[in-house]
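These notes concern the structure reproduced below.
In mature numbering (1 follows the signal peptide of the UniProt record, and there is no 0), the protein residues as written are -20 to -1, 1 to 144.
In C-alpha cells:
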C-alpha cells in the first residue's frame, strides 16, 4: 500500500514540475529575427567564385536589454573566414535590432551556405558539418537558416537551361 502512494506522489510531482515550467521562447519563430536575418545573410561572392559551401555554427547571447552580444563562431576554419562565410554571419548578427526581452539567453545559429551548380541540372552542394553534444552546453539551438549561392554567371545559366 505505501508503494502505491509513493508512485502517486512521484507522478503528482512530475506533472506539477512539467506544468510549472514556462514555455521556452522560440526565437526561430520570431518574425523580426528571421526576416531581418534572412535579408542580411547573402552568399559571399568570394565563396561563389571559389565554389565553396559550408555550414557555420554561430554562438551569441541576447542580453537583458535585448541586444545581440558575444558573437562567435563555433566551427572556425581558415577557409570559411577566407571566403567570407564567418564575417557575413557576424556582420548580419551585429546589425540586428534589439529583440524582445523574453529571448534573453544563449543561442547557437546554424547557417548552411548551399551552392547550386546550374551546369549540373541544379545540383545542390549541401554542407555536412555537425555540432556535437559538448558544444551545446546550455545553449538553445535555433532552426537552420539556408543561404543559396551559385558558381555560374547569368549567361552560363541561360545556356545550360537551353541545353536541357
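By construction, the Cβ of each residue, glycine as well, lies at the ideal position given by its N, Cα and C atoms.
Just so it is clear, the structure is predicted and the values come from calculations on it, not from any experiment.
Residue i, DSSP secondary structure in three states
i	result
residue 3	Residue placement at residue 3 is poorly supported in this model, since its pLDDT is 45, which falls under 50; the coordinates are not used for a value here.
residue 33	coil
residue 131	coil
residue 39	strand
residue 67	helix
residue 90	strand
Test item: CB-CB of residue i and residue j under 9 Å
i	j	result
residue 92	residue 124	yes
residue 42	residue 74	no
residue 40	residue 89	yes
residue 77	residue 36	no
residue 38	residue 95	no
Cα-Cα separation, residue i to residue j
i	j	result
residue 87	residue 7	9 Å
residue 63	residue 18	19 Å
residue 108	residue 116	18 Å
residue 131	residue 69	20 Å
residue 129	residue 99	13 Å
residue 82	residue 121	16 Å
residue 50	residue 85	11 Å
residue 3	residue 30	With a pLDDT of only 45 at residue 3, under 50, the local geometry of the prediction cannot be trusted, and no value is derived from it.
residue 110	residue 9	22 Å
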